[in-house]
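Shown next, in structure tokens, is the structure this report addresses.
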Ligand SMILES: Cc1cc2nc3c(=O)[nH]c(=O)nc-3n(C[C@H](O)[C@H](O)[C@H](O)COP(=O)(O)OP(=O)(O)OC[C@H]3O[C@@H](n4cnc5c(N)ncnc54)[C@H](O)[C@@H]3O)c2cc1C
């Protein structure tokens with residue numbers, strides 16, 4: 085209120101510098117709207133939100149800000165298939181062959197503990213977890229089945245200590261109850277199942293805000309510079325924020341901010357049918373070495389995969405669907421999942437994962453004030469919470 089004195093600048097005459105504007109924050113802004121937060125997390129997916137929440141819990145007096153490019157969480161965390169899973173038998177055996185038993189066991193343990201922590205932290209009802217089981221299905225005369233069957237018991241022996249019980253069981257008879265065709269073998273675990281990724285992220289977002297994290301949507305970070313006392317973050321709308329520390333949790337889009345990190349965008353395409361009367365399929369399913377995955381959702385079938393048909397084309401951060409992959413998904417519905425059934429497609433969408441030459445996430449301090457928590461691959465639902473816990477831990481050091 086009051087008149088602007090002649091010798092000061094005004095917004096209209098363009099003589100304010102950005103640093104003038106920063107020093108002109110009111111006590112209400114700086115006190116409550118975190119214009120200079122102790123921690124700014126870039127990216128409001130499962131990793132970013134949990135990292136912010138854990139840091140806030142460790143430092144209740146800290147101002148913690150999440151900067152999210154979309155109007156709400158907008159990355160893979162709200163585009164995925166909602167499998168709460170730790171790996172099919174064929175995937176675990178392939179990992180063991182590629183990286184050794186210890187690396188495979190460590191990864192399975194991370195996923196399993198992550199799922200338990202996630203369910204414990206947010207609650208099964210709140211995330212729509214359904215304990216209807218995880219499955220891998222195999223065609224008749226599928227060489228993959230032979231490879232898995234030969235080492236099935238040995239795999240169970242190896243992973244049993246992690247779970248305290250036998251994990252995978254053969255249950256070929258259950259295939260008759262699913263109504264699927266052309267399949268001969270089914271491996272099942274009772275420890276996996278589908279969840280509702282929208283409910284999960286909504287619950288997590290509300291929890292983070294309730295515990296004092298400030299969530300700023302439509303805030304695209306275009307770059308940052310690290311100084312001796314703070315990190316200067318530049319937003320697409322030209323605003324600037326000084327944060328004492330930052331966590332980059334942008335997963336597939338990480339190279340826009342940290343080009344030195346090996347994170348490659350990998351698109352995944354999905355479709356969902358309208359409710360199919362009498363659908364008998366329950367739980368999550370992996371097929372064809374995990375290149376395809378499907379589950380029941382709201383009485384219909386949610387199906388994704390087919391990246392192996394066009395790895396080059398799907399190495400993109402651009403959302404979109406292609407006839408090549410969508411047609412393959414529809415063929416799978418017609419021939420295997422819903423044979424002889426009338427169904428209609430309700431929706432098609434895509435999401436972008438962050439991948440690399442290793443299946444392990446990157447959780448590291450990239451410089452004094454910057455931590456990266458990225459490259460979640462296709463397992464972020466399972467490992468997101470533990471990646472976030474590690475990132476928050478790095479901030480304490
Ligand atoms: C189709 C599909 C199916 C999947 N199915 C499963 C599954 O069934 N089970 C499973 O465990 N995992 C699955 N995944 C993988 C899982 O979804 C991811 O691993 C996980 O969501 C990654 O979480 P995140 O927080 O690291 O990244 P994201 O959720 O992608 O979050 C990154 C956030 O950063 C924001 N952002 C990016 N750049 C900027 C910027 N410059 N400034 C501000 N904000 C920015 C984005 O908008 C986004 O909200 C699937 C992924 C896809 C794509």
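In our numbering, the protein residues as written are 85 to 481.
Built from N, CA and C at the ideal position, the CB exists for glycine as well.
Asked: Whether residue 304 touches residue 319 by CB criterion (8 Å); Found: yes
Asked: Cβ-heavy atom distance, residue 299 to ligand 3, below 7 Å; Found: Absence of ligand 3 from the depicted structure is noted, with ligand 1 being the only ligands included.
Asked: Where the beta strand (DSSP E) containing residue 130 begins and where it ends; Found: Premise fails: residue 130 lies in the alpha helix (DSSP H), 130 to 142, not in any beta strand (DSSP E).
Asked: First and last residue of the uninterrupted alpha helix (DSSP H) at residue 479; Found: 464 to 480
Asked: Span of the alpha helix (DSSP H), counted from its first residue to its last, around residue 188; Found: 185 to 206
Asked: Own chain, CB closer than 8 Å to residue 394, minus 5 neighbours either side, in chain order; Found: 406, 408, 409
Asked: Nearest-angstrom Cα separation, counted from residue 433 out to residue 227; Found: 32 Å
Asked: For residue 310, the nearest candidate out of 247, 298, 327 (CA to CA); Found: 327
Asked: For residue 262, the three-state DSSP class (helix, strand or coil); Found: helix
Asked: Cut-off 6 Å between Cβ atoms - residues of its own chain near residue 141, not counting five sequence neighbours on either side; Found: none
Asked: Backbone CA spacing between residue 412 and residue 186 [nearest angstrom]; Found: 36 Å
Asked: Length of the line joining the Cα atoms of residue 251 and residue 199; Found: 15 Å
Asked: Residue 337 Cβ short of 7 Å to ligand 1 heavy atom set; Found: yes
Asked: Residue 94 to residue 323 span [Cα, whole Å]; Found: Low per-residue confidence applies at residue 94: pLDDT is 38, beneath 50, and the placement is therefore not dependable, though the value from the model is reported in the following sentence. Roughly 17 Å between the two C-alpha positions.
Asked: 7 Å Cβ shell around residue 87 - same chain, five flanking residues per side excluded; Found: Residue confidence for residue 87 is low, a pLDDT of 37 falling below 50, so the modelled location carries little weight; the figure read from the coordinates is stated next. None.
Asked: Sequence-distant residues of its chain with Cβ nearer than 8 Å to residue 429 (five each side left out); Found: 355, 356, 357, 358, 414
Asked: Cα-Cα separation, residue 220 to residue 374; Found: 8 Å
Asked: Contacting residues, own chain, Cβ-Cβ under 6 Å from residue 256 (five flanking each side not counted); Found: 269, 270
Asked: Stretch-stretch touch, CB-based, cutoff 8 Å, three pairs: the stretch 462 to 470 with the stretch 126 to 136; Found: yes
Asked: Neighbourhood of residue 476 by C-beta, 6 Å cutoff - its chain only, sequence neighbours within 5 removed; Found: 135, 138, 139
Asked: Rounded distance between the beta-carbons of residue 175 and residue 217, thought under 8 Å; Found: Not confirmed; about 16 Å, so no contact.
Asked: At least 3 beta-carbon pairs within less than 8 Å: the stretch 146 to 157 vs the stretch 107 to 122; Found: yes
Asked: Residues near residue 192 by beta carbon distance below 8 Å, same chain, minus five either side; Found: 170, 171, 176, 243, 246
Asked: Contact test: residue 458 Cβ vs ligand 1 heavy atom, cutoff 7 Å; Found: yes
Asked: Range of the contiguous beta strand (DSSP E) that encloses residue 380; Found: 376 to 381
Asked: Nearest-angstrom Cα separation, counted from residue 130 out to residue 283; Found: 12 Å
Asked: Nearest-angstrom Cα separation, counted from residue 350 out to residue 446; Found: 16 Å
Asked: Residue closest to residue 336, alpha-carbon to alpha-carbon, out of 478, 416, 458; Found: 458
Asked: Unbroken alpha helix (DSSP H) run spanning residue 112, endpoints; Found: 111 to 116
Asked: Beta-carbon spacing of residue 331, residue 123 below 8 Å; Found: yes
Asked: Heavy atom of ligand 1 within 7 Å of residue 163 beta-carbon; Found: yes
Asked: Reduced DSSP secondary structure (H/G/I, E/B, other) of residue 97; Found: Unreliable placement is indicated for residue 97, whose pLDDT of 48 sits below 50; the coordinate value is still reported in the next sentence. Residue state, collapsed to three classes: coil.
Asked: Classification of residue 396 by the beta-carbon crowding that lies within 10 angstroms, buried from 16 upward; Found: exposed
Asked: Reference residue 153, options 360, 127, 165, 161, closest by Cα; Found: 127
Asked: Residues of its chain near residue 329, where Cβ-Cβ distance is below 8 Å and the 5 sequence neighbours each way are ignored; Found: 122, 123, 124, 315, 453, 454, 455, 479
Asked: Cβ-heavy atom distance, residue 167 to ligand 1, below 7 Å; Found: yes
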